[in-house]
Every structure is written in structure tokens, then in C-alpha cells.
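Going by our numbering, the first residue of the sequence shown is number 399, and it counts up by one from there. Even glycine gets a Cβ: it sits at the ideal position worked out from N, Cα and C. Keep in mind it's a predicted model, so treat the numbers as computed, not measured.
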Amino acid sequence: MTTTRKPTPTDLREACLTEALAVIAETGIEQLSLREVARRLGVSHQAPYKHFPSRDHILAEVVARCFDGFAAFLETADRSGAPPEALGALGLAYFAYARAHPLEYRLMFNTPLPDGAKHPAMMQRARYAFELLERSIARMTLQPLAPVSVPLDALFVWSTIHGLASILQSDTLEKLGLSPAERDGAIARCMARIGLALAPENSISAYHSPP
């Protein structure tokens, strides 16, 4: 019979974060508490408070790390090509992340988050992912853009991709009787239409479907 090794003081913080994500995955975000994390780790209920003053603090760090992983995933996209292709690659990376990491994706975008004003590190890491999109959009046109245009266009792109990615995570397509090929076609068409909307003169007619 094996026994679970209690985390030492030096790795308790990491263990708490790992267990917090496990609680969310298994029972939902509503069941997350520092007491439950402590119970599952087999430590005193006060032990997690040495690293996290409240439930929101541990949740904010979990979410911040999700954004770190999300941004790292986006950064793997090949953005060395022409602006339309670079933005298309970034969009396909977004869809791929949502498919590969559904829990983290829902946690970042489909659940109430801790107050950003009280947890600036979480917001800073979320903002970095958004800036990756802004930089790609800024390259989409040869004409200088108004200062407000890039963030608004980035929000347009993000909301469009997010909407389809969220639908793809649900069973909506199965209920509609759409095939995997039609799903991939929807992704390619989404990115092509975004390119046309942002810069018709630079856009290509279609993006390749994801693998």
C-alpha cells in the first residue's frame, strides 16, 4: 500500500497550485477553497494560507499560469510570413490551444475571475496574450492606424475567434450534424473572413484548415 507524501514547506506552494487546478477540474470552480486544497494535500488547513491569503489569491495565480501557457502556445505560431498569414497562424494556434487545453481555456475566458485591480500580476499576464494579437493586427495594413484602431480590431478578432472556439468545445456541432471536416472548414473560413475585414487589399482568399 502506498501513502501520499506530504509536501515539504519548500514545495507546498507549487503543490497547492497543482491541487487547486485539480479541484476545479474534478468538482468545479465553486468547490475551490484553501481548506479543500489542504485536505487533499493532507496538511493542516492553515498551511496554504502561508502562501495564499485567500481563495482569490490562489485562483488568481492559477489563472495567471493559464495565461502564461496560453501566451507561450500563441508564440509557437509561425509569424514570419506576410501579415495575413501571420495573423492566420496566430488564430489557428488559438483554436489549437482551446482544443488541447479545454479546462484552462474555460477557466481563463468562461468563468468569473478575481478582481483584476487586486491581482495585477494576473491581469498583466492576460494583457501580454492580448498584445501578441495587437502586434499581428498592426502589421495587417501598410497604412498607419489610429491609436484606438488596433486594440478595437484586436478585440474584434479575439471575440470572433473566441466565439467559434467556445462553440467547438461544446457539443453544438454534433447536434447540428456537422462533420469534423466542416468544423475545420469553419475555422479556415473564420480566419479568412477576419483577414478580409481587416485589410482586404492584403488578405488572402482562405487559410489552410488546421491539422
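Quick check on residue i: buried or exposed, where buried means 16 or more other Cβ atoms within 10 Å of its Cβ?
| i | result |
| --- | --- |
| P578 | exposed |
| R433 | exposed |
| E580 | exposed |
| E459 | buried |
| A470 | exposed |
| L457 | buried |
| L505 | buried |
| V574 | First, the amino acid is wrong: residue 574 is Leu here, not Val. That one is exposed. |
| G486 | buried |
| L419 | buried |
| D409 | exposed |
| L576 | exposed |
Please list, in chain order, all residues of the same chain as residue i whose beta carbon is under 7 Å from its beta carbon, the five residues on each side excluded.
| i | result |
| --- | --- |
| D551 | I535 and L596 |
| E532 | V548, P549 and A552 |
| A519 | A462 |
| S442 | A436 |
What would DSSP say about residue i, mapped onto helix, strand or coil?
| i | result |
| --- | --- |
| Q444 | coil |
| G426 | coil |
| A586 | helix |
| G593 | helix |
| D466 | helix |
| D409 | coil |
| L472 | helix |
| P512 | coil |
| G479 | coil |
| P451 | coil |
| S431 | coil |
With a CB to CB cut of under 8 Å and the five nearest residues on each side skipped, what residues in its chain are close to residue i?
| i | result |
| --- | --- |
| L488 | L472, A475, R477, L530, L531 and S534 |
| A527 | F465, F468, A469 and L472 |
| A484 | A475, D476, R477, S478, S534 and R537 |
Pick out whichever of the options has its Cα sitting closest to the Cα of residue i.
| i | options | result |
| --- | --- | --- |
| T558 | A515, M521, F493 and L571 | F493 |
| E502 | I422, D569 and A491 | I422 |
| R591 | S564, F554 and R523 | F554 |
| D569 | R497, D513, E412 and F468 | R497 |
| R453 | L490, F468 and P512 | P512 |
| A524 | L410, Y495 and C464 | C464 |
| M521 | Q444, C588, L562 and H455 | H455 |
| Y495 | G440, L566, L419 and L430 | L566 |
| A480 | Q444, R537 and A584 | R537 |
Which residues in the same chain as residue i place their Cβ atom closer than 6 Å to its Cβ, once the five residues preceding and following it in sequence are excluded?
| i | result |
| --- | --- |
| R438 | E417 |
| P446 | C414, L432, V435 and A436 |
| C588 | L562 |
| K448 | none |
Using a Cβ-Cβ distance under 8 Å, would residue i count as near chain C?
| i | result |
| --- | --- |
| S442 | Included in the structure is just one protein chain, with no chain C present. |
In the DSSP assignment, find the alpha helix (DSSP H) that holds residue i and state where it starts and stops.
| i | result |
| --- | --- |
| T570 | T570 to L574 |
| R504 | P500 to F507 |
| D551 | S547 to Q567 |
| S534 | P518 to A536 |
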